[in-house]
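To get my numbering, take the position in the sequence shown, counting from 1, and add 382.
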Amino acid sequence: MIVLDTHAWIWLMEGDPKMEKEPILRKLYRHIPHRGLFISEISGWEVGMLVAKKRIQISGTLNRWLQDAYNAPGIQPYRLTPEVIVESVNLPDSFHGDPADRMIVATARVLNAELVTKDKEIIKYGKKGNLKVISL
Numbered sequence: 383m384i385v386l387d388t389h390a391w392i393w394l395m396e397g398d399p400k401m402e403k404e405p406i407l408r409k410l411y412r413h414i415p416h417r418g419l420f421i422s423e424i425s426g427w428e429v430g431m432l433v434a435k436k437r438i439q440i441s442g443t444l445n446r447w448l449q450d451a452y453n454a455p456g457i458q459p460y461r462l463t464p465e466v467i468v469e470s471v472n473l474p475d476s477f478h479g480d481p482a483d484r485m486i487v488a489t490a491r492v493l494n495a496e497l498v499t500k501d502k503e504i505i506k507y508g509k510k511g512n513l514k515v516i517s518l
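As structure tokens, this is what we get:
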């Protein structure tokens with residue numbers, strides 16, 4: 383299983399060249415038929431905030447983009463379950479306080495999944511053995 387960090391999900395949906403690294407694409411495509419690509423529900427909120435603050439541009443309206451992105455082949459939104467919420471406030475070692483990052487990391491840990499990210503703090507956290515990370 384793989385969890386996509388918010389930016390990885392956006393890049394995948396928008397066809398960004400950053401996601402075209404061959405080993406990463408092969409790994410992602412292997413998971414699509416099994417609906418093994420997960421996103422945390424908080425990522426939808428993050429996309430909305432980024433659009434509202436004009437920090438990113440997406441294809442079409444936010445509502446349409448989210449509908450398409452949530453229903454894209456292989457993508458499976460993962461709920462903010464009590465287990466994810468509890469994990470997010472009890473992450474081992476020190477991890478920064480960004481609530482969205484904490485929820486995304488907790489989702490990957492609960493699913494025992496690899497997290498695709500470019501976030502340096504998350505990558506560093508993974509190198510401590512707290513999380514399986516695929517670095518972009």
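Beta carbons are placed, not taken as given, at the ideal position from N, Cα and C, and that holds for glycine.
Computed from a predicted model, the values in this text were never measured in an experiment.
Between which two residues does the beta strand (DSSP E) containing Ile384 stretch?
On the sequence shown, residue 384 is found 2 positions in, with the first residue counted as 1. Element bounds for Ile384: 384 to 386.
Helix, strand or coil for Leu513? Go by DSSP, reduced to three states.
Along the sequence shown, read from residue 1 onward, the residue named residue 513 stands at position 131. DSSP places Leu513 in coil when its eight states are reduced to three.
Quick check for students: name the residue ranges of the alpha helix (DSSP H) that lie wholly in the segment 433 to 499, counting only runs of 4 or more.
444 to 452, 464 to 471, 481 to 493
Per-residue DSSP class, three states only, for Leu394:
Translated into the one-based positions of the sequence shown, residue 394 becomes position 12. Three-state DSSP puts Leu394 in a helix.
What separation, rounded to the nearest whole angstrom, lies between the Cα atoms of Arg412 and Val498?
Taking the sequence shown and counting its residues from 1, the one referred to as residue 412 is at position 30. Taking the sequence shown and counting its residues from 1, the one referred to as residue 498 is at position 116. Distance between the alpha carbons of Arg412 and Val498: 14 Å.
I'd like to know if the segment 383 to 395 and the segment 485 to 492 are in contact, where contact means that at least 3 CB-CB pairs between them fall below 8 Å.
yes
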